[in-house]
Each structure stands twice: as structure tokens, then as C-alpha cells.
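Trainee: Chains as they are written, first to last, in the working numbering: chain W, 99 to 322; chain U, 9 to 375.
In this text, a Cβ means the ideal position worked out from N, Cα and C, and glycines have one as well.
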Amino acid sequence: MSVDLTSLWLTFKLAGVVTALLFILGTPLAWWLAYTKSRIRPFIEALTALPLVLPPTVLGFYLLILLNPEAPIGRFWITLTGDSLTFSFAGLVVASAIYSLPFMVQPLQSAFERVGKGPIEAAQSLGANRLDAFLSVAAPLSKRGFLSAGVLTFAHTVGEFGVVLMVGGNISGRTKVISIAIYEHVETLRYAEAHILSAILLLFSFIVLLSVYTINRYGQVRIG
Amino acid sequence: MVDRLHIQTQKRFGAFTLDINQTLTLTGLTALFGPSGSGKSTLLRLIAGFETPDFTKQSQIIFNDTDWVSPKINRAPHKRPIGFMFQGGQLFPHLSVKANLEYAHKRSQNIRTPKPSLEAVINRFDLKDLLSRDPQTLSGGERQRVALARTVLRRPKLLLLDEPLAALDQSRKREILPFLKSLHTEFDIPCLYVSHDIEEVSQIADQMVLIDQGRIRQIGAALDILGMLNEDGGIGSVFDARLIAYDTAYGLSVLSLGGANLVVPAKISGPINSHHRVRIAAKDVAIARHKPQDLSIRNSLCAHIETISMSPDTPFALLTLRLDSTAPNTPLLRARLTRASVADLNLNEGQTIFALVKSVSFAQTLL
Numbered sequence: 099m100s101v102d103l104t105s106l107w108l109t110f111k112l113a114g115v116v117t118a119l120l121f122i123l124g125t126p127l128a129w130w131l132a133y134t135k136s137r138i139r140p141f142i143e144a145l146t147a148l149p150l151v152l153p154p155t156v157l158g159f160y161l162l163i164l165l166n167p168e169a170p171i172g173r174f175w176i177t178l179t180g181d182s183l184t185f186s187f188a189g190l191v192v193a194s195a196i197y198s199l200p201f202m203v204q205p206l207q208s209a210f211e212r213v214g215k216g217p218i219e220a221a222q223s224l225g226a227n228r229l230d231a232f233l234s235v236a237a238p239l240s241k242r243g244f245l246s247a248g249v250l251t252f253a254h255t256v257g258e259f260g261v262v263l264m265v266g267g268n269i270s271g272r273t274k275v276i277s278i279a280i281y282e283h284v285e286t287l288r289y290a291e292a293h294i295l296s297a298i299l300l301l302f303s304f305i306v307l308l309s310v311y312t313i314n315r316y317g318q319v320r321i322g
Numbered sequence: 009m010v011d012r013l014h015i016q017t018q019k020r021f022g023a024f025t026l027d028i029n030q031t032l033t034l035t036g037l038t039a040l041f042g043p044s045g046s047g048k049s050t051l052l053r054l055i056a057g058f059e060t061p062d063f064t065k066q067s068q069i070i071f072n073d074t075d076w077v078s079p080k081i082n083r084a085p086h087k088r089p090i091g092f093m094f095q096g097g098q099l100f101p102h103l104s105v106k107a108n109l110e111y112a113h114k115r116s117q118n119i120r121t122p123k124p125s126l127e128a129v130i131n132r133f134d135l136k137d138l139l140s141r142d143p144q145t146l147s148g149g150e151r152q153r154v155a156l157a158r159t160v161l162r163r164p165k166l167l168l169l170d171e172p173l174a175a176l177d178q179s180r181k182r183e184i185l186p187f188l189k190s191l192h193t194e195f196d197i198p199c200l201y202v203s204h205d206i207e208e209v210s211q212i213a214d215q216m217v218l219i220d221q222g223r224i225r226q227i228g229a230a231l232d233i234l235g236m237l238n239e240d241g242g243i244g245s246v247f248d249a250r251l252i253a254y255d256t257a258y259g260l261s262v263l264s265l266g267g268a269n270l271v272v273p274a275k276i277s278g279p280i281n282s283h284h285r286v287r288i289a290a291k292d293v294a295i296a297r298h299k300p301q302d303l304s305i306r307n308s309l310c311a312h313i314e315t316i317s318m319s320p321d322t323p324f325a326l327l328t329l330r331l332d333s334t335a336p337n338t339p340l341l342r343a344r345l346t347r348a349s350v351a352d353l354n355l356n357e358g359q360t361i362f363a364l365v366k367s368v369s370f371a372q373t374l375l
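(1) What whole-angstrom Cβ distance do residue 85/U and residue 222/W have, given they're in contact under 8 Å?
(2) Measuring CB atoms only, is the stretch 79-97 of chain U touching the stretch 149-165 of chain U, in the sense that at least three cross pairs come out at less than 8 Å?
(3) I'd like to know if the stretch 330-343 of chain U and the stretch 310-322 of chain U are in contact, where contact means that at least 3 CB-CB pairs between them fall below 8 Å.
(4) Is the Cβ of residue 227/W closer than 9 Å to any Cβ of chain A?
(5) Could you check if residue 107/W is buried or exposed, using at least 16 other CB atoms within 10 Å of its CB as the buried criterion?
(6) What number of angstroms, rounded off, separates the C-alpha of residue 190/W from the C-alpha of residue 112/W?
(7) Closer than 9 Å between beta carbons: that is the criterion. Which residues of the stretch 170-184 of chain W meet it against chain U?
(8) Under 8 Å between beta-carbons, which chain U residues line up against residue 238/W? List them in chain order, please.
(9) With a Cβ-Cβ cutoff of 9 Å, do residue 158/U and residue 112/U count as a contact?
(10) Can you tell me which of the three DSSP states residue 319/W falls into?
(11) Sort out for me which residues DSSP pairs residue 268/U with in a bridge.
(12) In or out: residue 66/U buried (at least 16 other Cβ within 10 Å) or exposed?
(13) Give the straight-line distance between the Cα atoms of residue 192/U and residue 35/U, rounded to the nearest whole angstrom.
(14) Are the stretch 32-52 of chain U and the stretch 192-211 of chain U touching by the rule of at least three beta carbon pairs closer than 8 Å?
(15) Once you ignore the five residues that flank residue 259/U on each side, which residues in its own chain have a CB closer than 8 Å to its CB?
(16) Report, in whole angstroms, the separation of the C-beta atoms of residue 194/W and residue 255/W, which I expect to be a contact under 8 Å.
(17) So what's residue 241/U in DSSP terms, helix, strand or just coil?
(18) Compute the beta-carbon to beta-carbon distance between residue 141/U and residue 190/U, rounded to the nearest angstrom, for a pair I have assumed lies under 8 Å.
(19) Which residues of the stretch 149-165 of chain W have a Cβ closer than 9 Å to any Cβ of chain U? Give them in chain order.
(20) Would the stretch 267-287 of chain W count as touching the stretch 27-34 of chain U if we require 3 or more Cβ pairs under 8 Å?
(21) Which residues in chain W sit within 7 Å of residue 90/U, going by Cβ to Cβ distance?
(22) Which residue's Cα is closest to the Cα of residue 166/U: 317/U, 74/U, 183/U, 81/U?
(23) Do residue 365/U and residue 292/U have their beta-carbon atoms positioned less than 9 Å apart in this structure?
(24) Tell me where the alpha helix (DSSP H) around residue 280/W begins and ends.
(25) Can you tell which of 291/W, 309/W, 199/W has the C-alpha that lies nearest to the C-alpha of residue 142/W?
(26) Straight-line CA distance for residue 270/W to residue 105/W?
(27) Taking the continuous alpha helix (DSSP H) assigned at residue 187/U, which residues delimit it?
(28) Taking any Cβ of chain U, which residues in the stretch 209-223 of chain W have a Cβ under 7 Å from it, in chain order?
(29) Determine the burial state of residue 319/U: buried for a count of at least 16 other Cβ atoms within 10 Å of its Cβ, exposed for fewer.
(30) Do we get a CB-CB distance below 9 Å when we pair residue 116/U with the residues of chain W?
(31) In whole angstroms, give me the CA-to-CA distance for residue 261/W and residue 157/W.
(32) Looking at chain U, is there any beta carbon in it that lies within less than 9 Å of the beta carbon of residue 230/W?
(33) Would you list the residues sitting across from residue 11/U in a DSSP beta bridge?
(34) Identify which residue in 139/U, 14/U, 50/U has its Cα closest to the Cα of residue 77/U.
(35) Among all the DSSP beta bridges, which residues are the ones paired with residue 255/U?
(36) Do you know offhand how far residue 194/U's Cα is from residue 21/U's?
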């Protein structure tokens, strides 16, 4: 009996990369959703929230169709990197990023909405451009939103199964994440290994949520 | 140099459309005055750049010679040399008072106007003891004082104030008003001041712009417009009066209304030469053709009749009177007589008469 360190490492690497990627992509999207007066806002909001209600297999199925080497995106990726987007780590990142998008965008959007226009306008009236106003005022005032969004995205990516299975399959060291490893252990009746991995995930998830709630409660730190 | 702000803009808000086409000459403090929901705040936000006009192609906001809004330009708020005072101050809650002040100071380093130093502003607004505090722990008055100091540190060429005293009680207002006055007297920043509170406006405004239902109804010197506003006392006139003497034996104060002396049966609080805004209701002014004698009314002022307007549907006529011996920009005195009296006395425009002032009220003194 041994702990499947490869799957464990792969899972946390995937979650880390996806969280970082979504911080970069999700922040401007959440900002836009919080403040735009555009008529297409509800459409974008619905699209962003879609992974919450869609069965992971449906999302995985469409992604498989989009990303496979025969499809334009998949083919383009191969000419660009020489590797396939399906059944690869890059494919897992793309799929997980889409699947976890609402967990990044929604906490950020509500945090930005809570900050409101007032502080941003105050910053602008004191000579700050939009980026400056965001970095110096809106972002620090939304720091809990960033914390929740980051933790939720990370934890959600660690815990996903269906999309990963559809797009990534079960290739050790490449696409076999913990949840799939557990599934495989159970299928092959190796309950001891399944127990260890499940317990690790259970403990991890609990500690993560506990720290979020603790920080949210006591972590009122003034910066600057 | 006198600053000019040209505004030509339309913006739908609530049930109205703000429709402005006007060049404002900005000297001292200009009050945008009107009832709630009249569009004055929307106008202020358009000037600041927080709102965009509905038809940008036909809109213009030009400050002196710089286009802020024109068919091709919509300058971002941080590129307009404005300061903006919000109702609640909008101090940044994640920064200390000092960091709030530094925020503005840091971002105004490349503005080429004489700069007040951080220390000077802290001293002027008496903030030394507040520097390390959190904005959340400040009282409403302290908060507005910090916000004013922060705005001054931005070194604006035009200061926009959106009901900065509305959230404060009377004593707090009294605490802030001198600082508001100092903005244009000491720091030489012209101010556009939105308010729906006549008391506030009558204390500090030099100029007034009356706004109602999205349109500018009247622009003029504050004293003139304040006199015309229908308040409890009806039409009247408002003067900037100087206390010149106090007669302790009879308990009378002597005020100078730009040269004409007025005796008031009260001890006015304040030193000799202090300024007070007084209001004389038109119904409290009577007129005599000849210098009256053996009369209990002590104030009879020699004046010329400028205009006589009859109101045919009422028994009354409204007269405007220029007081003799007053400085040229002194407001006109208004008198309300019956049309019958105007006919009996054979009053005509241009005539020299004596105005008998029966009573004077003081704008509630906040300063």
C-alpha cells in the first residue's frame, strides 16, 4: 500500500495553475460584470454560471469535440506546441478553467459590487486612472472576495471529476488526478488506497474551508 | 482670472431630462440650488465625468479653453482638474487618515500650480490629532474635514461639492462651514456647491444657479436671488451687513448695508465690523414721499424707485428700490405695497422716496 504521490502532485499543480490563470482572466470579467451597463451583460452572466448547472459530462463532451486534434482549436494547439489538447495536462487546464470559472467570477463580482462606485469615483477625483483606482482602492477593499474566489476555485478544481475524466482520461502522471485515482482504486477493489486518498481530500477540503471562515471572521487587517 | 465653465448637455434621469445650455462664470462659491430630484447632482456628476451625456455628439463641457466633453472627446474624470466632495466624504476605509491625505498628495505631484504642502493643509484643517485614526472611527464632521483637506491636496482648479453638509447636524455644520469658505478665500479654488438647504446656501453662496425639473431657471448674485426666493416671509431682499456700532443704553445695533445705516433693536452677537446676512421682507418695507417726522419707525432710508411691477390679480405691487449712498453692487431693496397706495402716492419709476423698514430678520447665523 502506498500513497499515490504522482496523482496528488498533479492535482495540486492543476489546481494551482487553474487558480492563477483564473485570477488573471476572471478579475477583469468580474469587474466588467459588476459595473457594465451593457445589454449583453445577462448573456455573459448566464454563460459564466453555466458550469454550475451543466452536468460535467455534457461540458466534457463538448470540450472533447472542440479540443480534439481534428477540430480547429485542437489542430492549432498541436501546430503551436506539438502536443494534443485532449488527454494532456494543457487540456485539463483549459477544461478545469472553464468548469471553475463561476467559482472565481461570482465571489469577485459580488465583492466589487459591494465596494460600489463611490470609492472608485473618489479615487478618480483624486487623480487616479482606472487601473490605479482598481489596484489602490477596489482591490484592497475586495480582498476577502479575492480570498474566497481563490480558495473556492482551487478547492473546486481539486475536487472535480467528470470533466477531467472526459477530456483528460486516466493517464498516470499526465492526467490522472486524485479523484480519478480514487475512482480507479474503488473499481479495482483496492479500498485501502482509496481510503487514504479520500481522507486526504476530506481533510484538505475541511482545513481550507475552516481557514476561509476563520480569516473572514478575524482577518480585518488594515493595509497602508 | 475668472474661470468659465460652458455646459451644453442633455441627460435623462428619473422622470426628467436634464437640459442645460449655459456658460457659468465661476467666482467664489456658486450654489446649484433646487429641490431634491431637480437634477443638480446629475449636473455635478456630468461635470466631474462620472456620468456621460446622452448625446455625446451634441454635448460640450468646456472649462476655460479645455474641452472636457466635445463631439470627439470625453475626458476621463482623473484627467479633469476637479476635486469632488461627496456627501459622506468617501474616505478610503482601508487607509488611515494620513494615508488618505497622502493618496491625493502623491497623485498631484505633477500639477504645476502652487502647491500647498501636506503639513500646511494638515495644520489648516486641524487634523494633527486625527492622522493615525481609521476613517470609521471619525465623527461625521471630522470625516468631512479630512475629505475637504484631501480634496485640497489634489490641487483642483474647480471644486465640486455634492451636498457635503447634508449628513451633518447643525453644530457639525457650524464646525465645517468656515473650512468650506476657506476653499475659495484661502486656496483660491472656485466651488460649485449643490444644496437644497436654503440656510446653508444663504450663509456661504456668492452666486446662485436655480435648477428645477432639469433646467436652469435663474442665475445671479446670491443676495439678489435669495431675496426673490419665496420662503415663509415671502419675497424680500438679502443684504451682507456690517455691524458698525452697538448702543448699550438703548440696546440697539447699527448695521451698514453697503453704506446705508440700519438700526436694529437687538444685540448682534459678533465683534464690530463682523458681517451678517440680513433679510428684509418686502411686506416690512413702507414708503413715504417725504422725509417722515414724528414717526416711531427708526429706519427711513433715502432711495430711488427702480421698478414698479403691478400684480393685476392681487391687491399688491412690488417695488425695487436702490438705496442712495450705497456701493454700486449693493442689492436692491424690495417693497410690497398695495396697488391702491402706489396710485394714491402717485409713485413712479425714478422717483426719490424714503423707505421705511419695519423689521429685519437675520439669516440663522451658522458662522
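Mentor: Looking at the atomic coordinates:
(1) Start at 1 with the first residue of the second sequence, and residue 85/U comes out as number 77. Start at 1 with the first residue of the first sequence, and residue 222/W comes out as number 124. About 4 Å separates the two Cβ atoms, so the contact holds.
(2) Flag = yes, the stretch 79-97 of chain U and the stretch 149-165 of chain U touch.
(3) yes
(4) Looking at the structure shown, chain A is missing, and the protein chains on hand are W and U.
(5) If you number the first sequence from 1, residue 107/W lands on position 9. That one is exposed.
(6) To locate residue 190/W, count along the first sequence from 1; it is residue 92. To locate residue 112/W, count along the first sequence from 1; it is residue 14. Their backbone Cα atoms lie some 8 Å apart in a straight line.
(7) The stretch 170-184 of chain W vs chain U, Cβ under 9 Å: nothing.
(8) One-based indexing of the first sequence puts residue 238/W at position 140. Those are 102, listed as they occur along chain U.
(9) Numbered from 1 along the second sequence, position 150 holds the residue referred to as residue 158/U. Numbered from 1 along the second sequence, position 104 holds the residue referred to as residue 112/U. Contact flag set, yes.
(10) What you label residue 319/W is simply residue 221 of the first sequence in a count that begins at 1. Per-residue confidence for residue 319/W stands at a pLDDT of 42, beneath the threshold of 50, marking its modelled position as unreliable; no derived number is given.
(11) If you number the second sequence from 1, residue 268/U lands on position 260. Checking the DSSP bridge columns, you'll see residue 268/U partnered with 265/U.
(12) Mapped onto the second sequence, residue 66/U falls at position 58. Exposed, because fewer than 16 other Cβ atoms sit within 10 Å of the Cβ of residue 66/U.
(13) One-based indexing of the second sequence puts residue 192/U at position 184. One-based indexing of the second sequence puts residue 35/U at position 27. If you take the alpha carbons of residue 192/U and residue 35/U, they lie about 8 Å apart.
(14) yes
(15) Your numbering for residue 259/U matches position 251 in the second sequence. Counting only Cβ-Cβ distances below 8 Å, and skipping sequence neighbours, we find 273, 274, 275.
(16) Numbered from its first residue, the first sequence carries residue 194/W at position 96. Numbered from its first residue, the first sequence carries residue 255/W at position 157. Rounded, the Cβ-Cβ distance is 5 Å, consistent with contact.
(17) Walking along the second sequence from the start, residue 241/U turns up at place 233. Caution applies to residue 241/U, whose pLDDT of 48 falls short of 50 and renders its modelled position unreliable; the value that the coordinates give is listed next. Here residue 241/U sits in coil by DSSP.
(18) On the second sequence, residue 141/U is found 133 positions in, with the first residue counted as 1. On the second sequence, residue 190/U is found 182 positions in, with the first residue counted as 1. That pair is no contact at about 22 Å.
(19) none
(20) The answer is no - the stretch 27-34 of chain U does not touch the stretch 267-287 of chain W, with fewer than three Cβ pairs under 8 Å.
(21) Here the question's residue 90/U lines up with position 82 in the second sequence. Residues of chain W whose Cβ lies closer than 7 Å to the Cβ of residue 90/U are, in chain order, 223.
(22) Within the second sequence, the letter at position 158 stands for residue 166/U. Nearest C-alpha to residue 166/U: 74/U.
(23) By 1-based counting over the second sequence, the position of residue 292/U is 284. By 1-based counting over the second sequence, the position of residue 365/U is 357. Yes, Cβ-Cβ distance for residue 292/U and residue 365/U is below 9 Å.
(24) To locate residue 280/W, count along the first sequence from 1; it is residue 182. Unbroken alpha helix (DSSP H) run through residue 280/W: 276-285.
(25) In the first sequence, residue 142/W corresponds to position 44, counting from 1. It is 199/W.
(26) Start at 1 with the first residue of the first sequence, and residue 270/W comes out as number 172. Start at 1 with the first residue of the first sequence, and residue 105/W comes out as number 7. If I take the Cα positions, the gap works out to 7 Å.
(27) If you number the second sequence from 1, residue 187/U lands on position 179. Element bounds for residue 187/U: 178-193.
(28) 216, 217, 219, 220, 222, 223
(29) Within the second sequence, residue 319/U is the residue found at index 311, counting from 1. So residue 319/U ends up on the exposed side.
(30) Walking along the second sequence from the start, residue 116/U turns up at place 108. Yes, because at least one Cβ of chain W sits closer than 9 Å to the Cβ of residue 116/U.
(31) Along the first sequence, read from residue 1 onward, the residue named residue 261/W stands at position 163. Along the first sequence, read from residue 1 onward, the residue named residue 157/W stands at position 59. Cα-Cα distance, rounded: 7 Å.
(32) Stepping through the first sequence from its first residue, residue 230/W is reached at position 132. Yes - at least one Cβ of chain U is within 9 Å of the one on residue 230/W.
(33) Position 3 of the second sequence, counting from 1, holds the residue named residue 11/U. Note: residue 11/U sits in a beta bridge opposite 34/U.
(34) Against the second sequence, residue 77/U aligns to sequence position 69. Looking at the Cα atoms, 14/U is the closest of the given residues.
(35) Walking along the second sequence from the start, residue 255/U turns up at place 247. For residue 255/U, which the question treats as bridged, DSSP gives the partners 260/U.
(36) Position 186 of the second sequence, counted from the first residue, corresponds to residue 194/U. Position 13 of the second sequence, counted from the first residue, corresponds to residue 21/U. The alpha-carbon atoms of residue 194/U and residue 21/U are separated by roughly 36 Å.
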